[in-house]
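J.:
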Amino acid sequence: MAMRYLGPSILAAATLARAVVIDLPIISQNTYTSVEVEIGTPPKTYRLLLDTGSATSWVTSAACENTTACPNLSHYTRVGYEKTSTAKDLNAYSFIGFIDGDGISGHATQDVFTIPGSTTPVTWNQTFISANTSSWRFITADGFLGLGFASIAEKNTSTLVETLMQDDLLDEPRFAIFYGTTDINEDTGANPDGRLTIGGSHENIYVEGSMNYAPLRQESPFQLWRTPLRSIIVNTGKTPGNGTNTSSTTEKNVTLNPTRNGRAVFDTGAGRISLPSEIAGGIYSQLGWSLPGLLQGSASWTCDAFNSTWGITFVLGDGAVSDDVHLEIRGDELLNSVCQPPFDDSGVQGFALLGRQLLGRYYTVYDFGGSNVDIYKPKIGFGRLKKEFDYLHV
C-alpha cells in the first residue's frame with residue numbers, strides 16, 4: 003500500500019489557543035531512527051536520534067566535526083552546531099555516558115528551537131549540550147533527542163518534551179511513536195511515513211483494536227520509561243531450528259520469572275532486546291538452543307529459525323495479575339539482516355532492555371499523566387498496528 007508523506011505538521015487544539023500537536027517524520031538510516039528540528043537564529047536543520055534512554059538532547063559542535071574528537075564513519079554529513087545570535091552559554095560542562103560505552107561531552111547551551119509548520123511554526127527556547135567530543139562515530143544523525151525524564155538531565159538542562167509541557171505549548175502531556183512501514187533493516191528514503199508525535203497521539207489511525215497501558219514503576223523521581231516486569235513467557239509450537247538441545251527439552255508456554263526486582267526499560271535508542279541475565283539462558287534453552295554455545299561459537303543461529311512457530315511474551319505489571327500487559331513478539335518478527343541470535347543477555351539480574359526490535363512492532367504512547375512533575379502518573383501504551391501500517395504486510 004502506498005503511504006502518503008507525513009511532513010511536519012502543527013495541529014491547533016480547540017481548547018487552548020497555544021496548545022499544539024507536533025508531528026515529525028521519522029527518518030531511518032543504517033537502522034538509526036531520527037527526526038529533524040531547526041536550531042538557532044538564523045535556523046539550521048539538525049537530525050536528532052530518538053532516545054527514550056537519555057534525557058538531555060545534544061548536538062555535535064562545528065568545532066569538533068571531522069576531527070578525532072568527533073569521528074564520523076556514518077556516511078551522513080553532519081551539520082555541526084555553531085552558536086547563533088540567540089544562543090546562551092549556561093556555564094556548565096557535562097559528560098554523558100551511555101550503556102554501550104559511548105559518550106559525549108560539551109557545554110550546556112540554550113538556543114531557539116523551531117518546528118516549521120504549514121501555518122504557524124512552533125518556536126521556544128531549549129537547553130541542550132553542544133558537544134565538543136563524541137564517540138558516536140556511526141550514528142546517522144547530528145546528535146540525540148533525549149526523551150527520558152528531566153530528573154536525570156545534565157546540569158542546567160531539561161528535556162525537550164518537558165520544556166514544551168511546562169511552557170504550556172502542548173495539547174496533551176505525551177508523545178507517541180510510529181516507526182513507519184519500512185523494514186527495520188532498510189532505509190526510509192526521501193518520503194518517510196513514520197512519525198514522532200509530541201503533544202498527542204494517533205492511535206485511531208494506526209492501531210488495530212485498543213491500546214494497553216502499563217504504568218511505570220513507582221519511583222521518586224521518575225527517570226526512565228521503566229515498567230515492572232513480572233515474567234517472560236516462551237511460546238513454542240516446535241523447536242525453531244537446528245539448536246543444540248533436542249525438542250524433547252522444550253515445552254509450550256513456559257513462564258520464566260526474574261529472580262528479583264524485575265523491570266523493563268523501553269529504549270528507542272537501543273536496537274535489540276536484552277533479557278535478564280538469570281533467565282536469558284533458560285529462554286534460549288526452551289527454544290532448543292544453548293546460549294553458551296551461541297556465544298562461544300559451537301552453535302550458530304540460522305535464518306530459518308526466524309519463523310512464526312514460536313515467540314515470547316513480556317508480562318508487565320506488579321499489581322493484580324488481571325491488570326498485567328502482555329507484549330508478544332513472534333520469531334518471524336525478529337528477523338535481522340545478518341540472522342544473529344535475537345536476544346542479548348543484559349548482564350543484570352531482573353533487567354530487560356527493550357529496543358526498536360520490539361517497539362517497531364507496536365504503536366507506542368509515552369504518557370506523563372500530567373504537565374507538572376508533582377502530578378506525574380506516567381504510563382506507556384502499546385497498540386498492535388493495522389495491517390496497512392505493518393511493514394510485514396505492506
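Residue numbers for the sequence shown follow the working numbering, so the first one is 3 and each next one is one higher. Ideal Cβ placement from N, Cα and C applies to all residues, glycine included.
Taking the C-alpha atoms as reference points, what is the distance between L226 and S56?
T.: In the sequence shown, the residue the question calls residue 226 occupies position 224. In the sequence shown, the residue the question calls residue 56 occupies position 54. If you take the alpha carbons of L226 and S56, they lie about 8 angstroms apart.
J.: Give me the residue from N338, R197, T199 and S59 with the minimum Cα distance to A143.
T.: For the purposes of this step, residue 143 is taken as residue 141 along the sequence shown, with counting starting at 1. Answer by Cα proximity: S59.
J.: Buried or exposed: L297, going by 16 or more other Cβ atoms within 10 Å of its Cβ?
T.: Translated into the one-based positions of the sequence shown, residue 297 becomes position 295. By the 10 Å Cβ count, L297 comes out exposed.
J.: Whose CA, out of T116, I200, Q288 and T238, lies closest to the CA of T88?
T.: Stepping through the sequence shown from its first residue, residue 88 is reached at position 86. Here the closest residue by C-alpha is T116.
J.: So, helix, strand or coil for D91, using DSSP?
T.: By one-based count along the sequence shown, residue 91 stands at place 89. Strand, per DSSP.
J.: Taking the C-alpha atoms as reference points, what is the distance between T79 and K46?
T.: By one-based count along the sequence shown, residue 79 stands at place 77. By one-based count along the sequence shown, residue 46 stands at place 44. Using only the alpha carbons, I get a separation of about 14 angstroms.
J.: Opposite I331 in the DSSP bridges: which residues?
T.: Looking up residue 331 in the sequence shown gives position 329. The partner list for I331 (beta bridge, DSSP) reads I314.
J.: Can you grab the Cα-Cα spacing for the pair L277 / Q351, in whole Å?
T.: Locating residue 277 in the sequence shown gives position 275, counting from the first residue. Locating residue 351 in the sequence shown gives position 349, counting from the first residue. About 9 angstroms.
J.: Buried or exposed for Q128, please, with buried defined as at least 16 other CB atoms from any protein chain shown within 10 angstroms of its CB.
T.: Here the question's residue 128 lines up with position 126 in the sequence shown. Buried, because 16 or more other Cβ atoms sit within 10 Å of the Cβ of Q128.
J.: How many whole angstroms separate the CB atoms of G333 and T311, which I take to be in contact at a CB cut-off of 8 angstroms?
T.: Here the question's residue 333 lines up with position 331 in the sequence shown. Here the question's residue 311 lines up with position 309 in the sequence shown. Confirmed, about 7 angstroms.
J.: Are there 16 or more other CB atoms within 10 angstroms of the CB of G99, so buried, or fewer, so exposed?
T.: What you label residue 99 is simply residue 97 of the sequence shown in a count that begins at 1. Its Cβ having fewer than 16 others within 10 Å, G99 is exposed.
J.: I186 and G362 look like a contact to me (Cβ under 8 angstroms); what is the Cβ gap, rounded to whole Å?
T.: Start at 1 with the first residue of the sequence shown, and residue 186 comes out as number 184. Start at 1 with the first residue of the sequence shown, and residue 362 comes out as number 360. With a Cβ gap of about 5 angstroms, I186 and G362 count as contacting.
J.: Give the straight-line distance between the Cα atoms of I285 and L336, rounded to the nearest whole angstrom.
T.: Sequence index remark: in the sequence shown, residue 285 carries index 283 (1-based). Sequence index remark: in the sequence shown, residue 336 carries index 334 (1-based). Looking at the two C-alpha atoms, the distance is approximately 15 angstroms.
J.: Which residue marks the beginning of the beta strand (DSSP E) containing T238, and which one marks its end?
T.: Within the sequence shown, the letter at position 236 stands for residue 238. From DSSP, the beta strand (DSSP E) with T238 extends over R228 to T238.
J.: Count the other CB atoms within 10 Å of the CB of I382; is the residue buried (16 or more) or exposed (fewer)?
T.: Walking along the sequence shown from the start, residue 382 turns up at place 380. Buried, by the Cβ-count rule.
J.: Please go through the stretch 34-82 and give each complete beta strand (DSSP E) segment of 3 or more residues, from N-terminal end onward.
T.: Listed in chain order, the complete beta strand (DSSP E) runs (minimum 3 residues) inside the stretch 34-82 are 34-41, 46-53 and 60-62.
J.: Tell me the rounded alpha-carbon separation between D346 and S300.
T.: Mapped onto the sequence shown, residue 346 falls at position 344. Mapped onto the sequence shown, residue 300 falls at position 298. So the alpha carbons of these two residues sit roughly 17 angstroms apart.
J.: Measure the CB-CB distance between L445 and T35 and report whether it falls below 9 angstroms.
T.: The requested residue 445 is not part of the displayed model; the chain covers only 3 to 396.
J.: Please determine, among N206, T257 and V327, the residue with the shortest C-alpha to C-alpha distance to S233.
T.: Indexing the sequence shown from 1 puts residue 233 at position 231. Taking only the C-alpha atoms, the option nearest S233 is T257.
J.: In angstroms, rounded to a whole number, what distance separates the CA positions of T199 and S279?
T.: For the purposes of this step, residue 199 is identified with residue 197 of the sequence shown, where counting begins at 1. For the purposes of this step, residue 279 is identified with residue 277 of the sequence shown, where counting begins at 1. Spanning the two alpha carbons is a distance of roughly 34 angstroms.
J.: Where are the beta strand (DSSP E) runs, 3 residues long or more, that stay fully inside the stretch 86-148, in chain order?
T.: Listed in chain order, they are 90-99, 105-117, 124-136 and 145-148.
J.: Classify Y181 as helix, strand or coil using the three-state DSSP reduction.
T.: Mapped onto the sequence shown, residue 181 falls at position 179. Coil at Y181, not helix or strand.
J.: Answer yes or no: do F97 and G105 have a C-beta to C-beta separation smaller than 9 angstroms?
T.: Numbered from 1 along the sequence shown, position 95 holds the residue referred to as residue 97. Numbered from 1 along the sequence shown, position 103 holds the residue referred to as residue 105. The answer is yes: Cβ separation under 9 angstroms.
J.: In chain order, what are the residue ranges of uninterrupted beta strand (DSSP E) at least 3 long that sit wholly in the stretch 150-215?
T.: Listed in chain order, the complete beta strand (DSSP E) runs (minimum 3 residues) inside the stretch 150-215 are 176-180 and 196-200.
J.: Does the structure place the stretch 366-385 close enough to the stretch 201-216 that three or more beta carbon pairs sit under 8 angstroms?
T.: As far as the Cβ criterion goes, the stretch 201-216 touches the stretch 366-385, which means the pair count is three or higher.
J.: When burial is assigned at 16 or more other CB atoms within 10 Å of the CB, is D325 buried or exposed?
T.: In the sequence shown, the residue the question calls residue 325 occupies position 323. Exposed: under 16 other Cβ atoms inside 10 Å.
J.: When you compare each of A152, P260 and G42 to F370 by their alpha carbons, which one comes out closest?
T.: As a working mapping, residue 370 is identified with position 368 in the sequence shown. If we check each option's Cα against that of F370, A152 comes out closest.
J.: Report the residue from G349, S339 and L387 whose alpha carbon sits nearest the alpha carbon of D189.
T.: The count along the sequence shown starts at 1 and reaches residue 189 at position 187. Answer by Cα proximity: S339.
J.: My output table needs one value for Q31: the three-state DSSP class, helix, strand or coil.
T.: Numbered from its first residue, the sequence shown carries residue 31 at position 29. Three-state DSSP puts Q31 in a strand.
J.: Quick one: is W126 buried, meaning 16 or more other Cβ sit within 10 Å of its Cβ, or exposed?
T.: In the sequence shown, counting from the first residue as 1, residue 126 sits at position 124. Looking at its Cβ environment, which holds fewer than 16 other Cβ atoms inside 10 Å, W126 is exposed.
J.: Roughly how many whole angstroms lie between the Cα atoms of Q220 and F316?
T.: Here residue 220 is taken as the residue at index 218 of the sequence shown, counted from 1. Here residue 316 is taken as the residue at index 314 of the sequence shown, counted from 1. If you take the alpha carbons of Q220 and F316, they lie about 19 angstroms apart.
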